[in-house]
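Number of protein chains: 2
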Amino acid sequence: MLDASDWTAMEENLPFWNKISTKERDTLVGGTLRFVHPKNAVVHDDRNKCTGLLMVLKGQLRVFIISDTGKEITLYRLFERDVCVLSASCLIRNITFDVHVQAELETSMLRITTDAYQQVSRNNPLVQEYTNQLVSSRFSDVMWVVEQVLFMSIDRRLAIHLLEQAAIAQSDSFTATHDAIARDLGTAREVVTRMLKRFQEDGLVSISRGGLSLLDRDGLYRLT
Amino acid sequence: MLDASDWTAMEENLPFWNKISTKERDTLVGGTLRFVHPKNAVVHDDRNKCTGLLMVLKGQLRVFIISDTGKEITLYRLFERDVCVLSASCLIRNITFDVHVQAELETSMLRITTDAYQQVSRNNPLVQEYTNQLVSSRFSDVMWVVEQVLFMSIDRRLAIHLLEQAAIAQSDSFTATHDAIARDLGTAREVVTRMLKRFQEDGLVSISRGGLSLLDRDGLYRLT
Chain A
1 MLDASDWTAM
11 EENLPFWNKI
21 STKERDTLVG
31 GTLRFVHPKN
41 AVVHDDRNKC
51 TGLLMVLKGQ
61 LRVFIISDTG
71 KEITLYRLFE
81 RDVCVLSASC
91 LIRNITFDVH
101 VQAELETSML
111 RITTDAYQQV
121 SRNNPLVQEY
131 TNQLVSSRFS
141 DVMWVVEQVL
151 FMSIDRRLAI
161 HLLEQAAIAQ
171 SDSFTATHDA
181 IARDLGTARE
191 VVTRMLKRFQ
201 EDGLVSISRG
211 GLSLLDRDGL
221 YRLT
Chain B
1001 MLDASDWTAM
1011 EENLPFWNKI
1021 STKERDTLVG
1031 GTLRFVHPKN
1041 AVVHDDRNKC
1051 TGLLMVLKGQ
1061 LRVFIISDTG
1071 KEITLYRLFE
1081 RDVCVLSASC
1091 LIRNITFDVH
1101 VQAELETSML
1111 RITTDAYQQV
1121 SRNNPLVQEY
1131 TNQLVSSRFS
1141 DVMWVVEQVL
1151 FMSIDRRLAI
1161 HLLEQAAIAQ
1171 SDSFTATHDA
1181 IARDLGTARE
1191 VVTRMLKRFQ
1201 EDGLVSISRG
1211 GLSLLDRDGL
1221 YRLT
């Protein structure tokens, strides 16, 4: 059962909420479940295209693709109040790819089932418009990754990534394995290890077991 | 002025054509111009987000992105009957990136201006739905490129590319500079030259001045 705070979250995070009918709101709420996923749990994968829309209440999700050989690249992250639409890609015509979604922290979320969402969306252009705006927004996120991967050297990408991670952690020190960074950047762990070692030699970062500290933010900014 | 064959093209290539009103059709036709672009002409670039929807009547367009340093990668190609939507990205909320469009052959096309398209689209969900399906379809095209670039070795990508080019040319021999292939794959010309040389040594292709011939299609297929 959803409680009052879940209703508030839906009202605040779905821009069409106050423009749809009470009956439509009831349909959505009736098809919504609250979940808490532990850190590292798989929330959605390519075996199920119809998980539904995921609204993050608290925590952090990573959306990524994975190759046959297990190589990964992070497309974007979702934080509190963000809504994941590609986990409901069965609703969207012409989306032919699959993404994986994983909880990076313990994450509580509302899952609006595709059935309920589709029922309301089918008859309400406002809801369709919202879906399409989400799709376009994720398309833009992915293009940003494409530009980074194709056009930027790995040192620049790593510097941007470390500054972003510090912003997410709200601290200059944060946990980060070389493996996790490699997955985010879509490169090999050895490349990350080598580049971090160079950053350390240049006094930009300090590497500790399972973690990193930024020592020279200005220096990292200059690399970007 | 559009002629009868242009009307036919709009009817055949716009799935909503017979479901919109005569007035809406007149608005679209009134805002549509026919263009012929010579081979290699720039049809759309990032200085103008509002070129409009481009419908290819004959010829071939390449849609690509370009870095500050001039490095390119091809996102997809448009052929006869295809419609380019990202050249009208000013119509689409949350699309924050820009693409370039270039004619690869002499290309005749209809350009539906954004004003006319928006006028009809604003009041007709069928037209909006068509736009969104085009966007999702291009999103899927781009994800395919992402997966290729990130997850495939360059020999595999080059083999796929050569087989695609032969299919487009409808011949095992086609014109292709190493530069053009490098732009398509988003890699350096030297990498392409080296790999083509290896393909030639392996008896897969024969390299001529400004062109290529596939000698062993099965061998190329096996690489993919």
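Chains A and B supply the protein sequences, listed in that same order. Here the numbering used here is used: the first sequence runs in plain steps of one and ends on residue 224. Here the numbering used here is used: the second sequence runs in plain steps of one and ends on residue 1224. C-beta: ideal position from N, C-alpha, C; glycine also. Just so you know, these numbers come straight off a predicted model, no measurement behind them.
Chain A contact for residue i (CB, 8 Å cutoff)
i, result
"E1147/B", "yes"
"S1213/B", "no"
"S1136/B", "yes"
"M1143/B", "yes"
"S1140/B", "yes"
"G1052/B", "no"
"K1049/B", "no"
"T1231/B", "Residue 1231/B cannot be examined here, being either before or after the span of chain B that is shown, 1001 to 1224."
"I1065/B", "yes"
Proximal residues to residue i (C-beta, below 6 Å), its chain only, five neighbours per side dropped
i, result
"E1190/B", "none"
"A4/A", "none"
"R183/A", "E72"
"N1018/B", "none"
"L1225/B", "Residue numbering for chain B in the displayed model covers 1001 to 1224; residue 1225/B lies beyond these limits and cannot be assessed."
Collapsed DSSP secondary structure at residue i in the structure displayed
i, result
"F1035/B", "strand"
"C90/A", "helix"
"V1192/B", "helix"
"Q170/A", "coil"
"I227/A", "Lying before the first or after the last residue shown, residue 227/A is absent from chain A, which here runs from 1 to 224."
"F1151/B", "helix"
"R111/A", "strand"
"I1020/B", "coil"
"I226/A", "Outside the displayed span of chain A (1 to 224) sits residue 226/A, for which this structure offers no information."
"M1001/B", "coil"
"L105/A", "coil"
"V127/A", "helix"
"S67/A", "coil"
"Q1060/B", "strand"
"F1079/B", "strand"
Same chain only: Cβ atoms within 7 Å of residue i, ignoring 5 sequence neighbours per side
i, result
"D1115/B", "G1031"
"S1213/B", "D1172, S1173, V1205, S1206"
"F1079/B", "V1056, Q1060"
"L1002/B", "V1029, T1032, R1034"
is_contact[residue i, chain B] using C-beta, thresh 8 Å
i, result
"L150/A", "yes"
"R93/A", "yes"
"T186/A", "Note on identity: in this sequence residue 186/A is Gly, with Thr being the wrong assignment. Yes, G186/A lies at the interface with chain B (some Cβ there is under 8 Å from its Cβ)."
Chain-order list of residues whose beta-carbon lies under 8 Å from that of residue i (same chain, five-residue window excluded)
i, result
"V120/A", "I20, E24, T27, L28, V127"
"G211/A", "S173, F174, T175, A176"
Check: residue i C-beta below 7 Å from any heavy atom of the ligand SAM
i, result
"D1184/B", "As far as ligands go, the structure on display features none, and thus does not contain the ligand SAM."
Could you please tell me which residues of the region 1099-1133 of chain B, in chain order, have their CB closer than 7 Å to any CB of chain A? P1125, N1132, Q1133
Tell me which residues of the region 71-91 of chain A have at least one Cβ-Cβ distance to chain B shorter than 7 Å, keeping chain order. K71, I73
Under 8 Å (Cβ pairs) to chain B, residues found in the region 166-180 of chain A: none
Counting only Cβ-Cβ distances shorter than 9 Å, please list the residues of the region 1016-1046 of chain B near chain A, keeping chain order. The region 1016-1046 of chain B vs chain A, Cβ under 9 Å: nothing.
Return the residues of the region 1199-1224 of chain B that lie within a Cβ-Cβ distance of less than 9 Å from chain A, sorted by chain order. none
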